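As structure tokens, the structure follows; a few thoughts come after it.
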Amino acid sequence: MSRKQSLDRYDGFGVLLAILFLVACITSVGSVQVPWLSVGTITFGTIVAVSNDLRSRTIPNWLSYGGGIAILSLSSISAILGRNGWDSRWLCMPLSESLSGALVCFSAMFLLYQYSETGGGDVKLATVWGACLGVSSGMMIIVGCYLIAALAIPFLFLTRRLLRSSRKQDASMLPMAPFFSIASILYCLGLRLW
Numbered sequence: 004m005s006r007k008q009s010l011d012r013y014d015g016f017g018v019l020l021a022i023l024f025l026v027a028c029i030t031s032v033g034s035v036q037v038p039w040l041s042v043g044t045i046t047f048g049t050i051v052a053v054s055n056d057l058r059s060r061t062i063p064n065w066l067s068y069g070g071g072i073a074i075l076s077l078s079s080i081s082a083i084l085g086r087n088g089w090d091s092r093w094l095c096m097p098l099s100e101s102l103s104g105a106l107v108c109f110s111a112m113f114l115l116y117q118y119s120e121t122g123g124g125d126v127k128l129a130t131v132w133g134a135c136l137g138v139s140s141g142m143m144i145i146v147g148c149y150l151i152a153a154l155a156i157p158f159l160f161l162t163r164r165l166l167r168s169s170r171k172q173d174a175s176m177l178p179m180a181p182f183f184s185i186a187s188i189l190y191c192l193g194l195r196l197w
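Taking the working numbering as reference, the numbering of the sequence shown is continuous, increasing by one, and the terminal residue is 197.
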């Protein structure tokens with residue numbers, strides 16, 4: 004298999020975080036209510052976003068736009084079914100919560116994008132997380148993401164100095180997708196350090 008076709012450590016890390024997220028959602032059934040289509044979207048998004056962000060410091064547009072459109076479409080279908088008496092909250096967030104979660108998380112991350120070194124992919128990723136989980140959960144994950152990243156920066160700085168990393172992209176930006184995933188796992192487990 005060629006380099007492009009083979010799985011590497013970044014893909015493995017993305018899959019590991021996705022599995023941990025699934026386990027966190029399954030084991031926390033009583034404490035945190037995460038709709039199952041949101042779980043699926045975030046699980047798939049974790050694999051792709053983490054591996055791409057670690058490898059190339061980018062999050063693909065098709066993932067962000069596709070995930071956002073899928074969740075908002077399913078929330079719309081859920082709203083229509085809800086009018087007919089079908090309780091679909093276990094499946095996905097109500098449309099109003101999805102829209103407000105996407106808007107608030109986008110706005111918060113856009114401010115960070117404007118005034119810091121946050122990448123545009125992180126803004127779109129947080130928007131999808133907000134659409135999947137709603138305002139309060141989405142904002143908790145954003146805050147948790149940046150707190151975990153702040154705790155990890157000294158360790159990452161030291162390991163890069165020790166390893167004498169010469170890759171230019173390593174020094175340019177911190178990939179935030181792994182931190183979004185870790186914050187999501189901790190949130191679903193009910194471990195709120197923030």
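We put the beta carbon where it would ideally sit given N, CA and C, even for glycine. Keep in mind it's a predicted model, so treat the numbers as computed, not measured.
GLU120, buried or exposed, once every other Cβ within 10 Å from all chains shown has been counted against 16: Here residue 120 is taken as the residue at index 117 of the sequence shown, counted from 1. Exposed: under 16 other Cβ atoms inside 10 Å.
Status (buried if at least 16 other CB within 10 Å, exposed otherwise) for GLY205: The requested residue 205 is not part of the displayed model; the chain covers only 4 to 197.
Candidates MET112, THR46, THR61 and SER78, of which the one nearest MET176 by Cα: As a first step, residue 176 must be located in the sequence shown, where it is residue number 173. Taking only the C-alpha atoms, the option nearest MET176 is THR61.
Residue environment, ALA153, which counts as buried when at least 16 other CB atoms sit within 10 Å: Residue numbering aside, residue 153 sits at position 150 when the sequence shown is read from its first letter. Under this definition ALA153 is an exposed residue.
Which listed residue (TRP132, GLY15, LEU25 and VAL26) has its alpha carbon closest to that of LEU106: Here residue 106 is taken as the residue at index 103 of the sequence shown, counted from 1. Among TRP132, GLY15, LEU25 and VAL26, the Cα nearest to that of LEU106 belongs to TRP132.
Sequence-distant residues of its chain with Cβ nearer than 8 Å to LEU75 (five each side left out): Along the sequence shown, one-based indexing puts residue 75 at 72. Hits under 8 Å: LEU98, SER101, LEU102, ALA105 and ALA134.
LEU128 classed as buried or exposed, judged by whether at least 16 other C-beta atoms fall within 10 angstroms: If you number the sequence shown from 1, residue 128 lands on position 125. By the 10 Å Cβ count, LEU128 comes out buried.
For TRP132, the three-state DSSP class (helix, strand or coil): By one-based count along the sequence shown, residue 132 stands at place 129. In this structure, TRP132 counts as helix in the three-state DSSP scheme.
Three-state class that DSSP yields for VAL53 in the structure shown: Taking the first residue of the sequence shown as position 1, residue 53 is located at position 50. Correct three-state label for VAL53: helix.
Whole-angstrom C-beta distance between ILE144 and TYR116, which should lie under 8 Å: The residue labelled residue 116 in the question sits at position 113 within the sequence shown. The residue labelled residue 144 in the question sits at position 141 within the sequence shown. Incorrect: roughly 17 Å between the Cβ atoms, too far for contact.
VAL37 classed as buried or exposed, judged by whether at least 16 other C-beta atoms fall within 10 angstroms: As a first step, residue 37 must be located in the sequence shown, where it is residue number 34. Burial call: buried.
Whole-number beta carbon distance between LEU77 and CYS95, since they are thought to touch under 8 Å: Reading the sequence shown from its first residue, position 92 is the one you call residue 95. Reading the sequence shown from its first residue, position 74 is the one you call residue 77. Distance from CYS95 to LEU77 at the Cβ level is roughly 5 Å; contact confirmed, criterion being Cβ atoms closer than 8 Å.
Counted within 10 angstroms of its Cβ, other Cβ atoms place PRO181 as buried (16 or more) or exposed: The residue you call residue 181 lines up with position 178 of the sequence shown. With 16 or more Cβ atoms within 10 Å of its Cβ, PRO181 is classed as buried.
Inter-residue spacing [alpha-carbon to alpha-carbon] between ASP125 and GLY71: Taking the first residue of the sequence shown as position 1, residue 125 is located at position 122. Taking the first residue of the sequence shown as position 1, residue 71 is located at position 68. In a straight line, the C-alpha of ASP125 is about 13 Å away from that of GLY71.
Cutoff 6 Å; reference PHE113; Cβ partners in own chain excluding five residues on either side: Within the sequence shown, residue 113 is the residue found at index 110, counting from 1. Contacts found: VAL126.
Alpha helix (DSSP H) segment containing LEU98, residue limits: Here residue 98 refers to the residue found at position 95 of the sequence shown. First-last of the alpha helix (DSSP H) with LEU98: 98–118.
Neighbour-count burial assignment, GLY141, 16 or more Cβ in a 10 Å radius: Along the sequence shown, read from residue 1 onward, the residue named residue 141 stands at position 138. By the neighbour-count rule (16 or more Cβ atoms within 10 Å), GLY141 is buried.
Exposure of PRO178, with buried meaning 16 or more beta-carbon neighbours within 10 Å: Counted from its first residue, the sequence shown places residue 178 at position 175. Per the 10 Å Cβ criterion, buried.
Nearest-angstrom beta carbon gap, VAL53 and PHE24 [assumed within contact, 8 Å]: Position 21 of the sequence shown holds residue 24. Position 50 of the sequence shown holds residue 53. With 8 Å as the limit, PHE24 and VAL53 do not qualify as a contact, their Cβ atoms being about 10 Å apart.
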